[in-house]
Amino acid sequence: MGVVELKSVTKNYQGNRGITDVTFTINEGEVFGFIGPNGAGKSTTIRTLLNFIHPTSGSATIFGKDIVKESKEIKKLVGYLPSEVHYYDDMKAIDLLKYSAGLHNYHNDKRIHELANKLQLDLNKKIEDLSFGNRKKVGIIQALLHEPKLLILDEPTGGLDPLMQNIFFDLLKEENKKGVTIFFSSHILSEVQKLCDRVAIIKEGELIKVEKVETLTQNNIKKVSLLLTKEANLGLNMEGILSKEKNGDDYQLLFNGEISSLLTMLAPLEVKDILIEEPTLDEIFMHYYK
Ligand SMILES: Nc1ncnc2c1ncn2[C@@H]1O[C@H](COP(=O)(O)OP(=O)(O)OP(=O)(O)O)[C@@H](O)[C@H]1O
1 MGVVELKSVT KNYQGNRGIT DVTFTINEGE VFGFIGPNGA GKSTTIRTLL NFIHPTSGSA
61 TIFGKDIVKE SKEIKKLVGY LPSEVHYYDD MKAIDLLKYS AGLHNYHNDK RIHELANKLQ
121 LDLNKKIEDL SFGNRKKVGI IQALLHEPKL LILDEPTGGL DPLMQNIFFD LLKEENKKGV
181 TIFFSSHILS EVQKLCDRVA IIKEGELIKV EKVETLTQNN IKKVSLLLTK EANLGLNMEG
241 ILSKEKNGDD YQLLFNGEIS SLLTMLAPLE VKDILIEEPT LDEIFMHYYK
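Here is the structure:
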């Protein structure tokens, strides 16, 4: 049984598309990335899982518990960081976090101070005096403070500077080592690549791929840059060409297949220059997004 299991979950907003027929499983101990462009349906999926909104159809479980019927039980086991955090402005960070810990019946201030030290947050400041990034840190501590077994993080790095992002990632890795499963939504591929074991790609409300990050980056796809002397007789419709962009005599191809068959195809052409390299994860994803 997976920690998170979605079965054909659809959520429509008064007839408008939210997510359609989404099915995937997150296994225990995984760091699972959820990636897609703005409006793809990441927050809708997460908010449905946390029972803030109800699925139109389909079902899902977290730790085997039904997300609608057993939502209260689930919330005890989950730490959630929303993409935007809103708090009572005139509360001190420490008071807010102690209050939040109390709601979880978790009374260990040491954990709050340890997390704040790691993230370099001054707990004695009022929320209204904190910068956007520092408010995000309050949200991160709030998600982590009751030692949840599952972390659901919706675009967690927004507002954190690069150094702080690294500290945050180290913190997540530490939690993961302790056995915490992490569901991490993002539209930034490099951070998913740094952190996640597997990734689900969502586009226009539909899941288009669930794959190991390693497989995505180590498959057979190559980026081919070609400079030709003539445009004529360029039949690039062969199998394996995933995408092509043309700029004058310059071609950029994403090719998935045997390099020997690509070379056979290119042999009759007047090739001035050729560069074959590994595509970045961004380039692979752009192919899926098209
Ligand atoms: N409350 C709502 N009422 C109506 N439509 C909504 C509502 N919330 C989201 N949607 C629609 O559902 C779709 C998915 O949106 P969602 O916010 O889940 O995407 P996302 O992947 O989280 O995007 P982003 O990265 O911009 O937050 C979009 O078409 C959006 O317009």
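Quick note on numbering: the sequence shown equals residues 1 to 290 in full-length UniProt numbering. The C-beta atom is built at its ideal place from N, Cα and C for all residues, glycine as well. Values in this document were obtained by computation on a predicted structure and should not be read as measured data.
Buried versus exposed call for residue i [16 or more other C-beta atoms within 10 Å across all chains shown]
i, result
"residue 99", "exposed"
"residue 232", "Any answer about residue 232 is weak, because its pLDDT of 49 lies below 50 and its placement is not dependable; what the coordinates show is given next. By the 10 Å Cβ count, residue 232 comes out exposed."
"residue 260", "exposed"
"residue 80", "buried"
"residue 51", "buried"
"residue 15", "exposed"
"residue 60", "buried"
"residue 213", "buried"
"residue 8", "exposed"
"residue 68", "exposed"
"residue 143", "buried"
"residue 291", "Residue numbering for the chain in the displayed model covers 1 to 290; residue 291 lies beyond these limits and cannot be assessed."
"residue 18", "buried"
"residue 11", "buried"
"residue 239", "exposed"
"residue 116", "buried"
"residue 37", "exposed"
"residue 13", "exposed"
"residue 268", "exposed"
"residue 175", "buried"
Residue j beta carbon less than 9 Å from that of residue i
i, j, result
"residue 104", "residue 49", "no"
"residue 167", "residue 227", "no"
"residue 163", "residue 183", "no"
"residue 119", "residue 195", "no"
"residue 205", "residue 58", "no"
"residue 253", "residue 271", "no"
"residue 150", "residue 3", "yes"
"residue 71", "residue 185", "no"
"residue 62", "residue 77", "yes"
"residue 249", "residue 229", "yes"
"residue 112", "residue 140", "no"
"residue 1", "residue 102", "no"
"residue 147", "residue 106", "yes"
"residue 56", "residue 6", "no"
Integer-rounded CB distance, given that residue j should sit under 8 Å from residue i
i, j, result
"residue 201", "residue 285", "7 Å"
"residue 319", "residue 35", "Coverage of the chain is limited to positions 1 through 290, which leaves residue 319 absent and any answer about it impossible."
"residue 220", "residue 256", "5 Å"
"residue 258", "residue 222", "At roughly 10 Å, the Cβ-Cβ gap does not stay under 8 Å, so residue 258 and residue 222 are not in contact."
"residue 127", "residue 96", "7 Å"
"residue 24", "residue 210", "5 Å"
Residue i CB to nearest heavy atom of ligand 3 below 8 Å
i, result
"residue 181", "With respect to ligand 3, the structure shown offers nothing to examine, as its ligands consist of ligand 1."
Margin query: With three or more C-beta pairs closer than 8 Å as the rule, is the region 126-137 touching the region 154-165?
Written below: The region 154-165 vs the region 126-137: in contact.
Margin query: If we require 4 or more residues per run, which alpha helix (DSSP H) segments fall completely within the region 125-208?
Written below: 132-144, 162-177 and 189-195
Margin query: With three or more beta-carbon pairs closer than 8 Å as the criterion, would you say the region 31-48 touches the region 88-95?
Written below: no
Margin query: Which complete beta strand (DSSP E) runs does the region 9-80 hold, if anything under 3 residues is left out?
Written below: Counting only runs of 3 or more residues that sit fully inside the region 9-80, the beta strand (DSSP E) segments are 16-26, 31-35 and 57-62, in chain order.
Check: Whole alpha helix (DSSP H) runs in the region 84-116 with 4 or more residues, listed along the chain?
Finding: 93-103
Notebook entry, point to check: Quick one: complete alpha helix (DSSP H) runs, 4+ long, within the region 212-271?
Noted result: Runs of the alpha helix (DSSP H) inside the region 212-271: 213-218 and 259-266.
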